[in-house]
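Asks:
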Amino acid sequence: MNNARILEINKALSNATRLDILKWLKDPEANFPPHEELGHFNDGVCGQHIKDKSGLSQPTISHYLTGMHKAGLLITTRHGKWTYFKRNEPVIKEFLETINKEL
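Just so we're aligned, residue 34 is where the sequence shown starts under the working numbering, counting upward by one.
1. Across the stretch 121–129 and the stretch 77–85, are there enough close Cβ pairs to call them in contact, namely three or more that are closer than 8 angstroms?
2. With H, G and I counted as helix, E and B as strand and the rest as coil, what does DSSP make of residue 118?
3. How many whole angstroms separate the CB atoms of residue 83 and residue 118, which I take to be in contact at a CB cut-off of 8 angstroms?
4. In chain order, which alpha helix (DSSP H) runs of at least 4 residues are fully inside the stretch 65–101?
5. Roughly how far, in whole angstroms, is the beta-carbon of residue 50 from the beta-carbon of residue 89, given that I think they are within contact range, below 8 angstroms?
6. Starting from residue 40, follow the alpha helix (DSSP H) in both directions and report where the run begins and ends.
7. Run through the DSSP bridge pairs and tell me what residue 108 is partnered with.
8. Pick from 102, 114, 116: whose alpha carbon is nearest that of residue 42?
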């Protein structure tokens, strides 16, 4: 992983709520209600549920999720008008391994 990517991920994680989101998404069944239509978390968690749990405004949480997605930390899937988010485990693993090895 190159330095630019490491810095981009660090920037995305430089906020307590964004760290909380990654923690929540690590165990979605324990942190979010299942979506009424899907009933599972295969595609992640609906952005609306993340917004509700965070207590932040829709524009703020959208900005946070977009930044985390651009940094490669989240994978998105659309279902109609809803966007679902889940952790991008390979990128998170590579980031942690790089940090552990280099610092």
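Using N, Cα and C, we set each Cβ at its ideal position, and we do this for glycine too.
Replies: In short, the structure shows the following:
1. no
2. Sequence index remark: in the sequence shown, residue 118 carries index 85 (1-based). In this structure, residue 118 counts as strand in the three-state DSSP scheme.
3. Taking the sequence shown and counting its residues from 1, the one referred to as residue 83 is at position 50. Taking the sequence shown and counting its residues from 1, the one referred to as residue 118 is at position 85. Residue 83 to residue 118, Cβ: 7 angstroms. Contact.
4. 80–87
5. Working through the sequence shown from its first residue, we reach residue 50 at position 17. Working through the sequence shown from its first residue, we reach residue 89 at position 56. With 8 angstroms as the limit, residue 50 and residue 89 qualify as a contact, their Cβ atoms being about 7 angstroms apart.
6. By 1-based counting over the sequence shown, the position of residue 40 is 7. That run of the alpha helix (DSSP H) goes 36–45.
7. Locating residue 108 in the sequence shown gives position 75, where the first residue counts as 1. Its beta-bridge partners are 119.
8. Counted from its first residue, the sequence shown places residue 42 at position 9. The candidate whose alpha carbon is nearest that of residue 42 is 102.
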